[in-house]
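What follows is a single structure, written as structure tokens, with notes after it.
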Amino acid sequence: MVLQQPHDALAGAHGKGHKLGRDLAGLAVILGLAVVGYLLFPNNLALLTRMTAIALLVLSLDLVTGYCGVATLGHAALFGTGAYASGIAAVHFGITDPLLMLACGILGGAVAGLVCGVVILRAHGLPQLVLTIALIHLFHEFANKASSWTGGSDGLAGIAPDPLLGHFEFDLWGRTAYVLGIILLAVVFALLRLVVRSPFGMLCRGVKEDPIRIRAMGASPKLALMKMYVISGAVAGAGGALNAISTQVVGLDSLSFTLSAESLVMLVLGGTGSLFGALTGTIVFMFFEDIVSAANPFHWLTMVGALLIAVVLFAPKGLYGTLAGLAARRREARR
């Protein structure tokens, strides 16, 4: 046993170094793609910023679906709440500093995550899925009826954020919003990597695999899922706030069932249970959707559907999950 301790310590240090290397590689890829996107699409930064906001939504969805096993088709409720919280703070309360607006969105998303978690986690399986659908429709209808605050079906307009840090204005080119979005995505990604690898993250994975055993060990599966739902809400709220700041308008589409379903499709496309998979699915889906809809405005949904069927049939673990599995098998074959 004594002789094996140095070897175990070295193995642990190697494992930590490998994980740190993956984290740094992930951040490098995010920043590298951001620079490439800025250089290749300088006139289409609005799409890239929208993609960044949706990536935050898909990351938040991965926390509860991929890591905790909670099936949901209503996650846009958290995204939309963050967007409306940020917009209402600016329009009705004069909070126009972008960072404060972002904080309002994060807080609004976290509160929505708490509310949704209390309702959704009372059921399991198919009833749980039905509850998520009911919640997204309730959030949508509430925002529609509270038109004096949200603008109703006309949308909440008049959002005018101040220059970021007092110097960088949000111009029509969208440069400031794009840079803010990339920094936000990189920070959130780094924090979430710490969360999913922490003992709390391991507990949530255990709840997904065997909640009865977790309960027998003295932990509370429901409490763990509730905490993760609040974290997920904060991340989704950040995405909603970014969308409100960049577009300077919040519409009911941010609380739509369609957005919830598309975010789940993006997650499955990239691969559940992996932050890298969530980012991959978002980028591939939104770029493919933009290119195909421009090339064939009448039949682009058919092409998107064909892509999804192909991925489900030939890459059931998602694009990133399948590629990561192939790379792992090759490494094992070389040893």
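Residues 650 to 984 in the working numbering are what the sequence shown spells out, letter by letter.
For each residue, glycine too, the CB sits at the ideal point set by N, CA and C.
Can you give the Cα-Cα distance for residue i and residue j, rounded to whole angstroms?
{"i": "Phe925", "j": "Asp746", "result": "31 Å"}
{"i": "Ala792", "j": "Thr825", "result": "29 Å"}
{"i": "Val767", "j": "Met875", "result": "7 Å"}
{"i": "Val790", "j": "Gly670", "result": "Looking at the sequence provided, one finds Glu at residue 790 rather than Val. Those two C-alpha atoms are separated by around 46 Å."}
{"i": "Leu748", "j": "Ala885", "result": "16 Å"}
{"i": "Ala702", "j": "Leu829", "result": "11 Å"}
{"i": "Asp902", "j": "Arg983", "result": "50 Å"}
{"i": "Ser905", "j": "Arg980", "result": "43 Å"}
{"i": "Leu659", "j": "Ala873", "result": "Note that Leu659 scores a pLDDT of 39, beneath 50, so its modelled location is shaky; the value from the coordinates is reported in the next line. Computed Cα separation, rounded: 32 Å."}
{"i": "Phe936", "j": "Gly900", "result": "22 Å"}
{"i": "Lys966", "j": "Thr799", "result": "39 Å"}
{"i": "Ala806", "j": "His816", "result": "23 Å"}
{"i": "Leu956", "j": "Gly930", "result": "12 Å"}
{"i": "Ser923", "j": "Ser909", "result": "19 Å"}
{"i": "Leu727", "j": "Lys857", "result": "22 Å"}
{"i": "Leu891", "j": "Ala959", "result": "32 Å"}
{"i": "Ile723", "j": "Arg771", "result": "Looking at the sequence shown, residue 723 is not Ile but Gly. Taking the straight line joining both Cα atoms gives about 15 Å."}
{"i": "Val961", "j": "Thr971", "result": "11 Å"}
{"i": "Gly919", "j": "His948", "result": "23 Å"}
{"i": "His786", "j": "Lys794", "result": "12 Å"}
{"i": "Gly743", "j": "Ala734", "result": "12 Å"}
{"i": "Ala964", "j": "Ala738", "result": "43 Å"}
{"i": "Asp672", "j": "Phe934", "result": "23 Å"}
{"i": "Ala868", "j": "Pro848", "result": "12 Å"}
{"i": "Asp657", "j": "His773", "result": "With a pLDDT of only 45 at Asp657, under 50, the local geometry of the prediction cannot be trusted, and no value is derived from it."}
{"i": "Gly991", "j": "Ala976", "result": "Residue numbering for the chain in the displayed model covers 650 to 984; residue 991 lies beyond these limits and cannot be assessed."}
{"i": "Asp803", "j": "Pro776", "result": "33 Å"}
{"i": "Ala944", "j": "Asn692", "result": "18 Å"}
{"i": "Thr907", "j": "Val941", "result": "19 Å"}
Check each candidate in the options and name the one with the smallest Cα separation from residue i.
{"i": "Gly729", "options": "Gly718, Gly715, Val760, Cys717", "result": "Val760"}
{"i": "Tyr969", "options": "Ile932, Glu818, Glu981", "result": "Ile932"}
{"i": "Met915", "options": "Pro812, Ala704, Ala726, Gly774", "result": "Ala704"}
{"i": "Leu1008", "options": "Ile863, Ser881, Met866", "result": "Lying before the first or after the last residue shown, residue 1008 is absent from the chain, which here runs from 650 to 984."}
{"i": "Val764", "options": "Tyr878, Pro965, Val917, Pro848", "result": "Tyr878"}
{"i": "Gly718", "options": "Ile737, Met851, Thr951", "result": "Met851"}
{"i": "Thr721", "options": "Val678, Ser912, Leu918, Leu787", "result": "Ser912"}
{"i": "Trp822", "options": "Leu696, Met952, Trp949", "result": "Leu696"}
{"i": "Gly889", "options": "Pro691, Ala725, Leu673", "result": "Ala725"}
{"i": "Gly675", "options": "Ser797, Leu928, Gly954", "result": "Leu928"}
{"i": "Thr698", "options": "Ala683, Asn945, Pro848", "result": "Ala683"}
{"i": "Leu708", "options": "Pro691, Arg842, Asn692, Ser796", "result": "Arg842"}
What residues are listed by DSSP as bridge partners for residue i?
{"i": "Phe817", "result": "Leu813"}
{"i": "Val899", "result": "Leu805"}
Applying the 10 Å Cβ sphere with the 16-neighbour rule, what's the burial state of residue i?
{"i": "Ile755", "result": "buried"}
{"i": "Met700", "result": "buried"}
{"i": "Arg978", "result": "exposed"}
{"i": "Leu689", "result": "exposed"}
{"i": "Asp711", "result": "buried"}
{"i": "Ala677", "result": "exposed"}
{"i": "Val917", "result": "buried"}
{"i": "Gly686", "result": "buried"}
{"i": "Thr921", "result": "buried"}
{"i": "Thr951", "result": "exposed"}
{"i": "Val713", "result": "buried"}
{"i": "Thr781", "result": "buried"}
Considering only residues of the same chain and omitting the five flanking positions on each side of residue i, which have a CB-CB separation below 8 Å?
{"i": "Leu680", "result": "Ile831, Ala835"}
{"i": "Ala887", "result": "Leu705, Gly731, Leu751, Gly754, Ile755, Gly758, Leu833, Val837"}
{"i": "Phe819", "result": "Pro747, Pro810, Pro812, Leu813, Thr825, Ala826, Ile894, Ser895, Gln897"}
{"i": "Pro860", "result": "Pro870"}
{"i": "Asp939", "result": "Leu696"}
{"i": "Val783", "result": "Note on residue identity: the sequence assigns Ala, not Val, to residue 783. Counting only Cβ-Cβ distances below 8 Å, and skipping sequence neighbours, we find Gly723."}
{"i": "Pro946", "result": "none"}
{"i": "Leu778", "result": "Ala720, Thr721, Leu722"}
If I measure Cβ to Cβ from residue i and keep anything under 6 Å in the same chain, skipping five residues before and after, which residues do I get?
{"i": "Gly855", "result": "Ile863"}
{"i": "Cys853", "result": "Tyr716, Cys717, Ala873, Met877"}
{"i": "Ala973", "result": "none"}
{"i": "Val844", "result": "Gly850"}
{"i": "Leu694", "result": "Gly823, Tyr827"}
{"i": "Gly762", "result": "Leu727, Tyr878, Val879, Ser881, Gly882"}
Near residue i, which residues of its chain fall below 7 Å by C-beta distance, leaving aside the five closest residues on each side in sequence?
{"i": "Val740", "result": "Leu805, Gly807, Ile808"}
{"i": "Gly736", "result": "Leu805, Ile808, Ala893, Val899"}
{"i": "Gly801", "result": "Asn793"}
{"i": "Ser796", "result": "none"}
{"i": "Met866", "result": "none"}
Examine the ligand MG and report whether any of its heavy atoms sits within less than 7 Å of the Cβ of residue i.
{"i": "Ala809", "result": "With respect to small molecules bound, the structure shown includes none, and the ligand MG cannot be examined in it."}
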